[in-house]
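Residue numbers (full-length UniProt numbering), protein chains in the order written: chain A, 1 to 238; chain B, 1 to 238.
We treat Cβ as the ideally placed atom computed from N, Cα and C, and that holds for glycine.
Single-structure report; data block below.
Protein chains: 2
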Amino acid sequence: MSLPNDPLDPALAALFRPVRAGNALEETMERMLQAIRLGVVPPGGQLPPERELSSRLGVSRVTLREALRALQESGHVESRRGRYGGTFVRVPSSDPLPAPDRDAIEDTLTLRYALETGAAELAAARSLPPATRRHLRGCLADASAAGIDHYRRTDSRLHLAIAEATATPSLTAALADVRTRLNALLAAIPLIPANLTHSNAQHKTIIDAILDGDATAARAAMAEHLAGTAALLRGFLA
Amino acid sequence: MSLPNDPLDPALAALFRPVRAGNALEETMERMLQAIRLGVVPPGGQLPPERELSSRLGVSRVTLREALRALQESGHVESRRGRYGGTFVRVPSSDPLPAPDRDAIEDTLTLRYALETGAAELAAARSLPPATRRHLRGCLADASAAGIDHYRRTDSRLHLAIAEATATPSLTAALADVRTRLNALLAAIPLIPANLTHSNAQHKTIIDAILDGDATAARAAMAEHLAGTAALLRGFLA
DNA sequence: CTCCAATGGATCGAAGGCGCTCCATTGCTG
DNA sequence: CAGCAATGGAGCGCCTTCGATCCATTGGAG
């Protein structure tokens with residue numbers, strides 16, 4: 001009649017995980033940093049007005065402003081008052097991220113594999129509207145043209161664009177999360193020009209397959225692309 | 001220098017989504033209901049002690065107890081005091097779930113496709129420990145033996161077991177979430193014996209492929225299995 | 001029979017977060 | 001040059017949630 005609660009069924013552990021990601025303030029800061037680090041809001045770019053942001057994040061304006069004030073003091077953003085004022089992203093900001101442990105690395109890489117290969121396949125299987133096709137090509141061009149400074153930001157945007165192409169908000173959100181975790185890992189290893197060239201070629205293969213509507217090829221190309229990054233990370237962080 | 005915030009970049013929407021799932025109390029209730037509905041804690045089974053649960057859920061005991069009291073009044077659980085007391089799951093409880101809209105259906109089914117096919121492939125690609133192999137066979141047998149009353153619970157457990165077999169906590173958690181959303185959809189359509197037989201055959205194919213270590217076959221079998229459910233749902237809820 | 005350990009039950013003060021309202025600044029518009 | 005609109009800045013009272021502590025109940029252990 002009673003369960004063996006000692007080793008605790010892994011299914012239970014999955015369901016009885018923490019309900020809230022902790023402090024609302026910290027979580028808000030984390031989100032804003034995500035947007036900056038992923039390059040979704042580029043350096044110099046303007047964040048949405050506080051009233052809109054707080055509403056989107058489901059957080060009071062008071063809390064949002066506390067988060068923004070902290071980011072201001074840490075030099076990530078800058079606020080200007082008055083009409084046509086706003087909050088702006090300041091620097092490319094190379095913040096040191098905490099080094100994750102081995103289990104967390106495998107967890108991140110495995111979840112990433114499932115989500116990104118799935119997204120690539122699904123994007124290829126859909127009939128993409130012209131605007132989406134343009135966006136994909138644009139992100140690909142940006143990533144190819146990016147020097148070492150902007151590479152990871154444009155790379156993140158390209159991968160996010162693929163997720164968006166599936167028109168599945170949950171999938172995009174999940175992938176944005178895992179991407180943030182991945183960037184935390186990538187921050188700990190050097191960016192080698194040879195890898196960059198290699199990645200660009202793979203990106204082109206992936207996007208071509210998606211635009212061609214070849215789901216199998218898109219999945220395979222993505223899998224190969226991810227394997228490269230995964231091997232690199234395991235090598236540096238093992 | 002400023003962003004086109006009007007239609008709002010979908011990537012921004014993905015990042016600037018709500019920080020907290022709302023009320024801590026409601027979220028806690030939802031989690032407990034998940035555990036009950038997914039059959040992770042079977043009818044008559046005992047929940048972990050309040051102190052442990054509140055700690056796992058990252059919620060104060062006060063809040064957890066409020067949630068439990070609500071579930072008690074709705075007849076889902078029952079509490080007994082004293083040593084060897086505890087909180088126990090009461091009935092199979094057929095609660096009516098709110099009907100989701102069309103976009104939510106596609107969102108759920110698409111995310112599910114990405115996660116479940118990924119999980120099947122990854123589980124097959126791993127070298128599974130004996131205990132995991134046994135667990136998979138056990139869940140398969142339970143689902144096959146289950147009558148119409150217990151089918152969806154055992155089915156949920158089987159799919160969760162596949163996710164657990166990947167040894168990737170994030171993936172298991174994500175899949176548990178999407179499964180809950182799926183069950184909300186399934187609750188709105190009838191369970192047809194013919195589908196049940198068909199599903200059981202597909203389950204066997206999937207598990208066999210996983211135990212054989214045939215990743216490609218596992219993915220394909222899972223994709224076919226999901227297509228059946230998806231078509232059924234689209235048919236009934238379109 | 002007594003004690004004890006494990007569980008649920010209850011209360012209180014402190015902190016976090018929210019909704020609301022009003023203020024301050026700025027630059028375009030007429 | 002005066003007004004206005006859009007933005008950031010700041011304060012107040014309320015509700016939720018938390019952490020800690022103590023109480024109540026129960027059944028086995030000694």
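Closer than 8 Å, CB to CB, is Phe236 of chain B near chain A or not? no
Would you check if the stretch 165-175 of chain B and the stretch 101-119 of chain B touch, i.e. whether three or more CB-CB distances between them fall below 8 Å? yes
How is the alpha helix (DSSP H) around Thr197 of chain A delimited, first residue to last? Pro193 to Asp212
Chain B contact residues for Leu115 of chain A, given Cβ-Cβ distances below 8 Å: Ala114, Leu115 and Gly118
Here's a check: name, in chain order, each residue in its chain whose Cβ is nearer than 8 Å to the Cβ of Arg133 of chain B, leaving out the five neighbours to either side. Leu211
Assuming Phe88 of chain B is part of the beta strand (DSSP E), what are its boundary residues? Gly86 to Val89
Based on DSSP bridge pairs, tell me the residues matched to Arg80 of chain A. A:Gly86
Nearest to Gly213 of chain B (by Cα), restricted to the options B:Ile162, B:Ala201 and B:Ser144: B:Ile162
Are there 16 or more other CB atoms within 10 angstroms of the CB of Pro4 of chain B, so buried, or fewer, so exposed? Caution applies to Pro4 of chain B, whose pLDDT of 37 falls short of 50 and renders its modelled position unreliable; the value that the coordinates give is listed next. So Pro4 of chain B counts as exposed.
Starting from Gly138 of chain A, find everything on chain B with Cβ-Cβ shorter than 8 Å and list it in chain order. Going along chain B, no residue has its Cβ under 8 Å from Gly138 of chain A, so there is no contact; the nearest lies around 12 Å.
Residue environment, Glu73 of chain B, which counts as buried when at least 16 other CB atoms sit within 10 Å: exposed
Grab the span of the alpha helix (DSSP H) containing Val178 of chain A for me, first residue to last. Pro169 to Leu186
Quick one: any contact between the stretch 190-206 of chain B and the stretch 147-166 of chain A, if contact means 3 or more CB pairs under 8 Å? no
Apart from the five residues on each side of it in sequence, which residues of its chain come closer than 8 Å, Cβ to Cβ, to Gly195 of chain A? The amino acid at residue 195 of chain A is misidentified as Gly; the sequence shows Asn. Closer than 8 Å at the Cβ level, and outside the excluded window around Asn195 of chain A, lie Gly228 and Leu232.
Terminal residues of the continuous alpha helix (DSSP H) containing His150 of chain A? First-last for His150 of chain A: undefined, no H or E at that position.
Is it true that the stretch 113-129 of chain A meets the stretch 81-91 of chain A, where meeting means three or more beta-carbon pairs spaced less than 8 Å apart? no
Is the shortest distance between the beta-carbon of Val77 of chain A and the beta-carbons of chain B less than 8 Å? no
Measure from the alpha carbon of Ala119 of chain B to the alpha carbon of each residue in B:Pro18, B:Val178, B:Thr28 and B:Met29, then state which is nearest. B:Val178
With a CB to CB cut of under 6 Å and the five nearest residues on each side skipped, what residues in its chain are close to Ala230 of chain A? Leu109
Report yes if the C-beta distance between Val19 of chain B and Val59 of chain A is below 8 Å; otherwise report no. yes
Do Gly86 of chain B and Gln34 of chain B have their C-beta atoms within less than 8 Å of each other? no
In terms of DSSP beta bridges, what is Gln46 of chain B paired with? B:Phe88
Ends of the alpha helix (DSSP H) at Ala21 of chain B? Neither: Ala21 of chain B is in no alpha helix (DSSP H) and is coded neither H nor E.
So, does the CB of Phe17 of chain B fall closer than 8 Å to a CB anywhere in chain A? Residue 17 of chain B is actually Arg in this sequence, not Phe. Answer yes: the Cβ-Cβ gap between Arg17 of chain B and chain A drops below 8 Å somewhere.
Excluding sequence positions up to five away, which residues of its chain have a Cβ less than 7 Å from the Cβ of Ala146 of chain A? Thr154
By the criterion of Cβ-Cβ separation under 7 Å, what are the contact partners of Asp107 of chain A in chain B? Thr168, Pro169 and Ser170
Let me know the secondary structure DSSP gives Val62 of chain B once reduced to three states. helix
Does any residue of chain A have a CB that is nearer than 8 Å to the CB of Met1 of chain B? In this prediction, Met1 of chain B scores a pLDDT of 34, lower than 50, which makes its location untrustworthy; no coordinate-derived value is stated.
Helix, strand or coil: how does DSSP classify Thr166 of chain A here? coil
Thinking just about the alpha-carbon of each residue, which of B:Thr197, B:Gly138 and B:Pro100 is nearest to the one in residue 239 of chain B? For residue 239 of chain B there is no data in the structure shown, the boundaries of chain B being 1 and 238.
Among the residues of its own chain, which have a CB less than 6 Å from the CB of Glu181 of chain A, if the five just before and after it don't count? First, the residue type needs correcting, since residue 181 of chain A is Arg and not Glu in the sequence shown. For Arg181 of chain A, where only same-chain residues beyond five positions count, the Cβ hits under 6 Å are Thr108.
Strictly under 8 Å for the Cβ-Cβ distance: is Thr110 of chain A near chain B by that measure? yes
If you compare alpha carbons, which of B:Arg157, B:Leu12 and B:Pro130 is closest to Arg31 of chain A? B:Leu12
Ile105 of chain A (DSSP reduced to helix, strand or coil): helix
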